[in-house]
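I have placed the structure first, in the form of structure tokens, so that the comments after it can refer back to it.
Number of protein chains: 4
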Amino acid sequence: MPIEEGSYVLLATEEGWTKLVKIKRGIQLNTHFGIVKIDEIIGKEFGEYIKTHLGKKMYLLNLTLKDYVYNITRRTQILYPKDIGLILLYCNVTPGSIVVEAGTGSGCLTGILASMVKPNGKVYTYEIREEFIKIARRNIEKLGLEEYVVFKHKDITRGIDEKNVDAVILDMPTPWLVVKHAYKALKGGGVIACFLPTIEQVIKTVSALREEGFIQIEVCESTLRYWKVKRNETRPETFMVAHTGFLVFARKVNRQEVK
Amino acid sequence: MPIEEGSYVLLATEEGWTKLVKIKRGIQLNTHFGIVKIDEIIGKEFGEYIKTHLGKKMYLLNLTLKDYVYNITRRTQILYPKDIGLILLYCNVTPGSIVVEAGTGSGCLTGILASMVKPNGKVYTYEIREEFIKIARRNIEKLGLEEYVVFKHKDITRGIDEKNVDAVILDMPTPWLVVKHAYKALKGGGVIACFLPTIEQVIKTVSALREEGFIQIEVCESTLRYWKVKRNETRPETFMVAHTGFLVFARKVNRQEVK
Amino acid sequence: MPIEEGSYVLLATEEGWTKLVKIKRGIQLNTHFGIVKIDEIIGKEFGEYIKTHLGKKMYLLNLTLKDYVYNITRRTQILYPKDIGLILLYCNVTPGSIVVEAGTGSGCLTGILASMVKPNGKVYTYEIREEFIKIARRNIEKLGLEEYVVFKHKDITRGIDEKNVDAVILDMPTPWLVVKHAYKALKGGGVIACFLPTIEQVIKTVSALREEGFIQIEVCESTLRYWKVKRNETRPETFMVAHTGFLVFARKVNRQEVK
Amino acid sequence: MPIEEGSYVLLATEEGWTKLVKIKRGIQLNTHFGIVKIDEIIGKEFGEYIKTHLGKKMYLLNLTLKDYVYNITRRTQILYPKDIGLILLYCNVTPGSIVVEAGTGSGCLTGILASMVKPNGKVYTYEIREEFIKIARRNIEKLGLEEYVVFKHKDITRGIDEKNVDAVILDMPTPWLVVKHAYKALKGGGVIACFLPTIEQVIKTVSALREEGFIQIEVCESTLRYWKVKRNETRPETFMVAHTGFLVFARKVNRQEVK
């Protein structure tokens, strides 16, 4: 399937440089490696390359979920693949899932969730800052997944409109104010996930989850270390991200006898 | 949607004990917490509870992807959610993806992949040990996803039958023998992922990937540390899993000019 | 220098089994590897071996600081070499240092400190539980360092008797109650170190250190991962200790102008 | 004991900036925080402060072992306190120890070792690059420990002159070429330690140690994560050093019967 106008393409050099571009006829892109004529990309297949005016090969890659995380426009703190991957498995986000998320932020997690719940699920994403909804919309567009996302310009600490949802995923400063609403919104067995930079947030959130009657409360932190692999020089990279946030997971059950 | 005969239910106590059971009329289950009459579960909703003959509450949970990883029958080394989550994002496994996997093993990763590629994708899984295919089939059944999986009793080091696949995922001792086949099977921009316990395997695999012309070769190891959160006793758990395996990712591109 | 009666010897097999024994004439030691006649050890040199009655070689090793940590009688939580090593460097514990420590516990850290401050320094160690002082004394004896340690059966939260000390090292539940006393006891530029299992203890201690006017407050946690190294099987060990305690360090300065 | 001409003083601001200076009359020091007149420092005590011409307080700290590691002139790769601390405990470096080290490099480890073996031990340090010996000498001078160090402008892979040493510590590219010499130089029970950036070095070194008959071979890697502790903002720092080097330890024993 050849690349068409309107597609998103990840330009990649052999050494690891990448840039996400939207294919538009007549456009030229200036890079450190020379000028790229976008017209030359149209009609190529993913995996092929074009050359800049300096002769540098630029490989044409489709946008994977991992690329999406690292290449979208961001204004907010970063959720990394290591955290998102765990959220998907713990929250059981699969095709057909109904997921509530807050805040939308730059739409990073929103896009990944939309990719996973399609073609018959939906992501309801709450955000109080209107400018972020705009950024997020533009990012989701890059995945072509607008139809699976409902943007809500609303304060989730005031309540969740949806019922019987599979998961509530909170990447926001005060998730403990949402715990009661999440309990009502979730179906039995549904999962709540919170991403929290500080330990004080973790302590408050866990306490609220316990009071509300959630079970299987788990708190963890994930780290990822990259290695440089080259014969006789194989070693971990010198620096790494030491902390993004703690993850808190729990499941809703009915504590009272159902009559 | 009430729980019916034939469903799989995860029994869970408040303290974290879990057991996966298939609902069959007339069966009794002996647990450390007393006898569970399976008949009492039928007609309940997920999230509700039943009581053992000793009065212990057993919550009825649906099987999430995370529960699947920890509760299926296993005979092989463990791939954890921390690793699987990264594989999903790096390999861009989404509804509709065509994925080749080897070895099937107990079907742990197979089940997660099937959950993600449904309803219009497919997982082709290679395994040379016939007894593992049986175990894996029974595990996939618990998710009700048999139709998305093609079991192949074949040696993947001899070749991959499929073409134009989105991802090749290898959890096997000698992935470097599969690199050439993976290159042919993958579509342009497609992703290969390898899960490898030892560093020598990593070195050999990376070397094979470089020779074959793959780009964006990345090697990483992921770790997960759990915390105990309780007012004035908040601290990381004393022990953790220090190593499961290294992850190697790379993408296929066409090094030669396409005419 | 041959091994004499009264010495402490670490028996070690090739596979890593170790046992610390005091050399006494006429004694026999039963081990999983057979009977050891202690008399055979007398007159041998460190590094040599004897054989059990089953023919198993037992190497005779001198007691290093690391062996001391792992082989003494313990009744309390463990401070590991990874933590102790950092304490030595941050607290500048060298021959001649005057160090105050609390609680004594099993005397693990006390013994290491005494080894480092000899021959002209001193360790003042506070402990409120008399039975621990006994255990610690017996452990310090194994190093032959009693003369460098002053055991104090006193509550350090009530005050520190010493003045002008180089370092105050606290491995006890409530170090924030000792911060004021430590400030008075330390000489200018002196270092306080605290070893704390929980994050709430860290938060309280750091807050007390700030109020008291300490500078260079640093909080860290150290981890150690062992590797199994064998050709084609090289990999990190599967399990590790994920947490012992957090370390808090700070230095005393005079905030007020000295006239 | 007031600060005198010729002393080394660590200037420190409240926020963590530090600079090591040698006290010389008549000198002025330009810093980001204003000019420091060194004359004003003479006669002060450690822990007191002076002010720059802009009124900024500069605390006067004595040079701890930790400060030495971070503040000396360096031209070589860094050994951190986390690694050095472990080496001290595993190698049993205490007052009186006889230690052989290679390479000297900038003298970072040499200085720490000298601090620990004084007043009756000695450090023999091998280095083939003469310019490093000069740098190291100047660094050791800052600690005033020249008399405990013997600098040897020699290639340690050719042999070790010393006999009956307590420890051989190797921070150099090819320690496996020194294993035989270390075996001869060490006394029975003595410890060899190697600091190695790459895993291939580890594999070769461990193999050489096994062949030579060393026991208790241990390989580990240590990591240190700093925390930012502030009420309601307590969290690990975002970035950390992910790798400095692997540590390999082993002990010499006599495999042959001693007649």
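Chains as they are written, first to last, in the numbering used here: chain A, 1 to 259; chain B, 260 to 518; chain C, 519 to 777; chain D, 778 to 1036.
All C-beta atoms, glycine included, are put in the ideal place defined by N, C-alpha and C.
- By the Cβ neighbour-count rule, residue 291/B is exposed, with fewer than 16 other Cβ atoms within 10 Å of its own.
- Listed in chain order, the positions of the region 443–455 of chain B with a beta carbon within less than 9 Å of a beta carbon of chain A are 445, 446, 447, 448, 449 and 450.
- Under the 8 Å criterion on CB atoms, residue 374/B is classed as interfacial with respect to chain A.
- Fully contained in the region 649–734 of chain C are the following beta strand (DSSP E) runs of length 3 or more, in chain order: 667–670, 683–688 and 704–714.
- Using a CB distance cut-off of 8 Å, residue 498/B counts as an interface residue toward chain C.
- In terms of Cα proximity to residue 165/A, the closest of 146/A, 188/A and 174/A is 188/A.
- Annotation for residue 339/B: 328, 483, 500 and 503 place their beta carbon closer than 8 Å to its own, counting only its chain and skipping 5 residues before and after.
- Cβ contact annotation for residue 670/C (same chain, cutoff 8 Å, sequence separation greater than five): 642, 643, 644, 645 and 679, in chain order.
- Boundaries of the alpha helix (DSSP H) around residue 603/C: 599–608.
- Identification of chain A residues near residue 510/B by a Cβ-Cβ cut-off of 9 Å yields 12, 47, 59, 61 and 64, ordered along the chain.
- Residue 863/D belongs to the set of residues whose beta carbon lies under 8 Å from a beta carbon in chain C.
- By the C-beta criterion, the region 787–805 of chain D is judged to be in contact with the region 823–838 of chain D, since at least 3 inter-stretch pairs fall below 8 Å.
- The C-beta of residue 743/C comes closer than 8 Å to at least one C-beta of chain B.
- For residue 934/D, no CB of chain A lies under 8 Å from its own CB, so it is not counted at the interface with that chain.
- The C-beta of residue 830/D has fewer than 16 other C-beta atoms within 10 Å across all chains shown, which makes the residue exposed.
- At a cut-off of 8 Å between C-beta atoms, residue 999/D counts as an interface residue with respect to chain C.
- Assignment of residue 584/C by DSSP, reduced to helix, strand and coil, places it in the helix class.
- Residue 724/C and residue 716/C have their C-alpha atoms some 13 Å from each other.
- Not flagged as an interface residue toward chain D: residue 691/C, since no C-beta distance is shorter than 8 Å.
- Interface criterion not met: the Cβ of residue 802/D is under 8 Å from no Cβ in chain C.
- At a beta-carbon threshold of 8 Å, none of the residues of chain C lie near residue 406/B; the nearest stands roughly 36 Å away.
- Proximity of chain D to residue 736/C at the Cβ level (cut-off 8 Å) is accounted for by 1003, in chain order.
- Around residue 232/A, the beta-carbon contacts reaching into chain D at under 9 Å are 975, 977 and 978.
- Closer than 8 Å to the CB of residue 654/C there is not a single CB belonging to chain B.
- Counting only the Cα atoms, residue 306/B lies some 33 Å from residue 350/B.
- Ranked by how close their Cα comes to the Cα of residue 969/D, the residues 981/D, 994/D and 915/D have 994/D in first place.
- Not a single C-beta of chain C is nearer than 8 Å to the C-beta of residue 340/B.
- Residue 624/C is a Cβ neighbour of residue 590/C, given a cutoff of 8 Å.
- Taking residue 631/C as the centre and dropping the five residues before and after it, the same chain places the C-beta of 611, 617, 619 and 641 closer than 7 Å to its C-beta, in chain order.
- Residue 553/C counts as exposed, since fewer than 16 other C-beta atoms from the protein chains shown sit within 10 angstroms of its C-beta.
- In this structure residue 428/B is not in contact with residue 300/B, their Cβ atoms being roughly 35 Å apart against a cut-off of 8 Å.
- A Cβ of chain D is located within less than 8 Å of the beta carbon of residue 242/A.
- Taken in chain order, the unbroken stretches of beta strand (DSSP E) that lie wholly in the region 7–80 of chain A and span 3 residues or more are 8–12, 18–22, 28–31, 34–37, 49–51 and 57–61.
- Against residue 215/A, the close residues of chain B are 271, 273 and 318, in the order they occur along the chain (beta-carbon pairs closer than 7 Å).
- For residue 620/C, the pairing in a beta bridge is given by DSSP as 644/C and 688/C.
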